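As they're listed, the protein sequences go chains X and A.
Quick note: the first sequence uses my numbering, first residue 1, plus one each step.
Quick note: the second sequence uses my numbering, first residue 1, plus one each step.
Report on the following structure.
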Amino acid sequence: AQSVTQPDIHITVSEGASLELRCNYSYGATPYLFWYVQSPGQGLQLLLKYFSGDTLVQGIKGFEAEFKRSQSSFNLRKPSVHWSDAAEYFCAVGASNAGNMLTFGGGTRLMVKP
Amino acid sequence: EPEVTQTPSHQVTQMGQEVILRCVPISNHLYFYWYRQILGQKVEFLVSFYNNEISEKSEIFDDQFSVERPDGSNFTLKIRSTKLEDSAMYFCASRPQGPSHEQYFGPGTRLTVT
């Protein structure tokens with residue numbers, strides 16, 4: 001069965017500082033990996049995705065993530081955080097079967113200090 | 001930009017009542033999903049639907065739940081006899097056919113069972 005672990009429940013960074021949110025997955029085949037962001041009371045917005053190819057993927061809002069197969073990780077990074085980045089971030093792994101259900105991690109709540 | 005829509009945004013119901021949550025997926029998408037998020041917890045897969053039948057379902061999706069695509073545009077989730085523990089945010093998602101496994105999420109329906 002697939003699973004996703006986000007070790008950090010809460011992270012607080014200062015505006016302008018760099019950010020790294022950790023994600024570890026477990027899946028028996030080549031994973032499809034995603035990062036979604038959820039602002040309070042809102043739905044889930046896709047930040048970026050990895051299917052194959054270049055292991056460093058660029059997303060929206062200046063985010064990037066690196067797939068490391070050897071570490072079963074897909075960490076999300078941003079070089080300079082803005083106050084508007086405060087939200088909850090979810091890592092997810094997608095099954096490669098036709099149904100393609102997503103399994104989400106528990107989420108990391110990001111707070112940004114001025 | 002096309003988006004997934006969900007109605008209502010908030011539904012309050014009494015325990016034992018039936019509820020129907022409605023979703024309009026993106027028009028050319030062929031795979032449809034329901035997920036739920038209990039307050040403070042991770043997003044959980046409920047069911048996936050393709051070609052007018054369920055392709056996969058989780059253990060949460062028991063006999064109290066059903067899904068339907070009654071026409072060419074709507075996708076509904078019915079809970080026959082709601083329980084207190086059904087209180088959650090319910091997200092609908094859809095994706096197109098093809099190699100992309102990106103799912104597009106709606107804004108969610110908050111279901112409160114009293």
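We treat Cβ as the ideally placed atom computed from N, Cα and C, and that holds for glycine.
Nothing here was measured: the structure is a model prediction, and the numbers come from that model.
Exercise for the section: Kindly list the residues whose CB is nearer than 7 Å to the CB of X:L86, restricted to its own chain and excluding five residues on each side of it in sequence; keep chain order. Expected result: In the sequence as displayed, the identity of residue 86 of chain X is Ala instead of Leu. Here the set comprises L110, M111 and V112.
Exercise for the section: For A:G72, return the contacting residues in chain X, with the cut-off set at a CB-CB distance below 7 Å. Expected result: None at all; the shortest Cβ gap to chain X is about 21 Å.
Exercise for the section: Say whether chain A places a C-beta atom closer than 7 Å to the C-beta of X:G106. Expected result: yes
Handout entry: Own chain partners of X:A29 with C-beta closer than 8 Å, once the 5 adjacent residues on each side are dropped
Key = S96
Practice task
Take every Cβ of the stretch 13-20 of chain X, pair it with every Cβ of the stretch 85-92 of chain A, and state whether three or more of those distances are shorter than 8 Å.
Solution key: no
Exercise for the section: Hey, could you find the ends of the beta strand (DSSP E) A:H10 is sitting in? Expected result: H10 to T13
Problem - Stretch-stretch touch, CB-based, cutoff 8 Å, three pairs: the stretch 72-90 of chain X with the stretch 20-39 of chain A - result: no
Handout entry: Alpha carbon of X:Q42 to alpha carbon of X:G53, nearest angstrom
Key = 31 Å
Practice task
Could you tell me the boundaries of the beta strand (DSSP E) in which X:K78 lies?
Solution key: S73 to K78
Problem - Touch test, the stretch 3-18 of chain A against the stretch 67-76 of chain X, Cβ-Cβ under 8 Å, three pairs minimum - result: no
Problem - Assumed close pair X:Y119, X:T103 - CB separation to whole angstroms, cut-off 8 Å - result: Limits of chain X in this structure are 1 at one end and 114 at the other, which puts residue 119 of chain X out of reach.
Exercise for the section: Ignore the nearest five residues each way along the sequence and tell me which others in A:P8's own chain have a CB closer than 7 Å to its CB. Expected result: T109
Handout entry: Spatial distance of A:F105 from A:G72 (CA atoms)
Key = 18 Å
Exercise for the section: Identify whether X:R69 lies in helix, strand or coil by the three-state DSSP scheme. Expected result: helix
Handout entry: Residues in the stretch 34-54 of chain A having any Cβ partner in chain X nearer than 8 Å
Key = Y35, Q41, K42, V43, E44, F45, S48 and Y50
Practice task
Could you check if X:G118 is buried or exposed, using at least 16 other CB atoms within 10 Å of its CB as the buried criterion?
Solution key: With chain X represented from 1 up to 114, any question about residue 118 of chain X goes unanswered, as that position is not in the structure.
Practice task
Ignoring anything shorter than 4 residues or poking outside the stretch 48-104 of chain A, list the alpha helix (DSSP H) runs there in chain order.
Solution key: none
Problem - Rounded C-alpha distance that separates A:E59 from A:V67 - result: 15 Å
Problem - Alpha-carbon spacing of X:Q71 relative to A:Q6, whole angstroms - result: 38 Å
Exercise for the section: Pull up the DSSP beta-bridge partners for X:Q45, would you. Expected result: X:V37
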